[in-house]
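The sequence shown lines up with residues 306 to 528 when you count with the numbering used here. All C-beta atoms in this analysis are idealised placements derived from N, C-alpha and C, irrespective of residue type, glycine included. These numbers come from a predicted model, not from an experiment.
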Amino acid sequence: MVAELIKVDKTYAGEVPTRVLFEVNLTVAPGEFLAIQGTSGSGKSTLLNLLGLLDSPTGGVLRLGDRDTAGFTARQRAEYRRDYLGFIFQFHYLLPEFTVLENALMPCRLKGREAEQAARARVQALLEQVGLGERLHYRPSQLSGGQQQRVAIIRSLANDPVLVLADEPTGNLDSKTARGAYDLMRELSRTSGKSFVMVSHDERFTRMADRVVQLLDGRVQQA
Ligand SMILES: Nc1ncnc2c1ncn2[C@@H]1O[C@H](COP(=O)(O)OP(=O)(O)O)[C@@H](O)[C@H]1O
Ligand SMILES: [Mg+2]
């Protein structure tokens, strides 16, 4: 299994503690494109942040691969984010002073110069595959919104991750461009064999996934 949640709870601490996830069970299989659908406030980002080791469950078990993440040190969490996971966000977060190719390679920088060099040809080929071959040395500001999000999608694959996590990746795009970004993620999931977990409130996209998990008030709805 690529990822597994067993009875995962999340309560945010605070003056009034807020319980946001309730005994969530979820598995992510190799190569599958899984959508998590739910209205705003249902806990989708919270769930994705747990999978991405950006936050920790307050109960239950979270496994990545065959490893229970509970005992991970800060360093191990960072290693998993760097090597095992890819991230796509609602906003592209491209760095304006870097080129398209440099931006797409950014996750590899964390691994050092050599890793970046090793990934360069593969990332360049991916950018060419998605029609950005002529724009490798452009700045993000010279691209359309759809092109920028394509760079961000390729960036999520730069470190050759096992699992890509996408939080409302089409949320900031007009509907035609959103469709293009969605289709690109589906195509890349097929050609790369990586698993994708995409969170969205937009049923137009989630219903086309391999599998849809409905989240309602922090609980997985049984189909
Ligand atoms: N850091 C936080 N501290 C306290 N409450 C939070 C925090 N982050 C999110 N929440 C609350 O948790 C609930 C779920 O939020 P979120 O996971 O962002 O939902 P979604 O992504 O589905 O819109 C919301 O009620 C939100 O206000
Ligand atoms: Mg959210």
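Taking a 10 Å sphere around the C-beta of Glu473, we find 16 or more other C-beta atoms and assign the residue as buried.
Here the C-alpha atom of Ala426 lies approximately 13 angstroms from the C-alpha atom of Ile459. Secondary structure of Ala318 (DSSP, three-state): coil.
Secondary structure at Met503: strand, using DSSP grouped into helix, strand and coil.
Classified as exposed, Pro335 has fewer than 16 neighbouring CB atoms from the shown chains inside 10 Å of its CB. Taken atom to atom, the span from the alpha-carbon of Arg386 to that of Asp360 is near 12 angstroms. If you check the CB distance, Ala457 and Tyr398 come in under 9 angstroms. Sequence-distant partners of Val525 (beyond 5 residues in either direction) whose C-beta falls short of 8 angstroms from its own C-beta, in its chain, are Val329, Asn330, Leu331, Val518 and Gln519. Taking a cut-off of 8 angstroms on C-beta distances, the stretch 438-458 does not touch the stretch 365-378, as fewer than three cross pairs fall below it. By the rule of a C-beta closer than 5 angstroms to any heavy atom of ligand 1, the residues picked out are Tyr317, Thr323, Val325, Ser345, Gly346, Ser347, Gly348, Lys349, Ser350 and Thr351.
As the crow flies, the alpha-carbon of Ile311 is around 43 angstroms from that of Gly438.
A distance below 9 angstroms separates the beta carbons of Gly523 and Gly348.
In the DSSP assignment, Arg368 falls outside any alpha helix (DSSP H) and lies within the beta strand (DSSP E) extending over Gly364 to Leu369.
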